[in-house]
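Just so we're aligned, residue 0 is where the sequence shown starts under numbering that gives the first Met the number 0, counting upward by one. Where is the CB? At the ideal position from N, CA and C, for every residue including glycine.
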Amino acid sequence: MPTLRQARVAEMIKRDLSEILSKDVGDPRVALVSVTDVEVAQDFSIAKVFISVMGDESEKQAAMKALRNGAGFIRGRLGAMLELRTVPMLVFRFDEGIDRGVRMFELLREEKQFAESLPPATEEELAAVREEMAEESEK
């Protein structure tokens, strides 16, 4: 669990990186990059920056390459904005949680479409289900 100072520094880095990416980095490959989270090491030497990229896999890879190539410039701009003795080394990672959430949403939508395509249950089927549920609750 991060300390209060780690959490504050991570939030400052997240805020400032978002601004740097939107205003200072001229590379169009990072135009659709969002900083979703930042985790700072206990000694503040490394900051893992989790990103989300709108686009297909090739656009995501191109954005990651641009971020890694521009990490020195980005870190320098970040150093000018932060009031820290040392600016953490930036390690960019894809935020897999967002992709998992999108996939889960797609699966739920497919399940709903499948359920809506089925014919409605008959009264006999509903009665059988109610009876099974009543038996289960008695156990």
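My understanding is that residue i touches residue j, with C-beta atoms under 8 angstroms, so please give their C-beta distance in whole angstroms.
{"i": "Ala-28", "j": "Ala-62", "result": "The residue asked about is misnamed: residue 28 is Arg in this sequence, not Ala. Going by Cβ atoms, the distance from Arg-28 to Ala-62 rounds to 5 angstroms, so yes, they are a contact pair."}
{"i": "Phe-91", "j": "Arg-67", "result": "6 angstroms"}
May I ask you to report which of helix, strand or coil DSSP gives residue i?
{"i": "Phe-43", "result": "coil"}
{"i": "Arg-67", "result": "helix"}
{"i": "Asp-15", "result": "helix"}
{"i": "Leu-117", "result": "coil"}
{"i": "Asp-26", "result": "coil"}
{"i": "Val-34", "result": "strand"}
Here's a check: name, in chain order, each residue in its chain whose Cβ is nearer than 6 angstroms to the Cβ of residue i, leaving out the five neighbours to either side.
{"i": "Leu-37", "result": "The question names Leu, but residue 37 is Val in the sequence shown. The residues are Ala-9, Ile-12, Lys-13, Ala-46 and Val-48."}
{"i": "Leu-16", "result": "Val-34"}
With respect to 6 angstroms, is the separation between the Cβ of residue i and the closest non-hydrogen atom of the ligand MG below this value?
{"i": "Ser-116", "result": "Inclusion of the ligand MG in the displayed structure is not the case, the ligand content being empty and no account of it being possible."}
By Cβ distance below 7 angstroms, which residues in the same chain neighbour residue i in space, the five residues on each side in sequence not counted?
{"i": "Asp-23", "result": "Arg-76"}
{"i": "Ile-97", "result": "Thr-35 and Ser-51"}
{"i": "Leu-89", "result": "Ala-46, Val-48, Ala-70, Ile-73 and Arg-74"}
Enumerate in chain order the residues of its own chain whose CB-to-CB distance from residue i is below 8 angstroms, with the five nearest sequence positions on each side excluded.
{"i": "Gly-69", "result": "Val-24, Asp-26 and Val-29"}
* Asked: When the Cβ atoms of the segment 121-138 are set against those of the segment 79-87, are three or more pairs found closer than 8 angstroms?
  -> Between the segment 121-138 and the segment 79-87, the count of Cβ pairs shorter than 8 angstroms is below three; the stretches do not touch.
* Are there three or more Cβ pairs, one per stretch, closer than 8 angstroms when the segment 69-83 is compared with the segment 102-118? -> They do not touch, by the three-pair rule.
* Could you give the uninterrupted runs of the beta strand (DSSP E) lying entirely in the segment 71-120, keeping only those of 3 residues or more? -> You should have 88-93.
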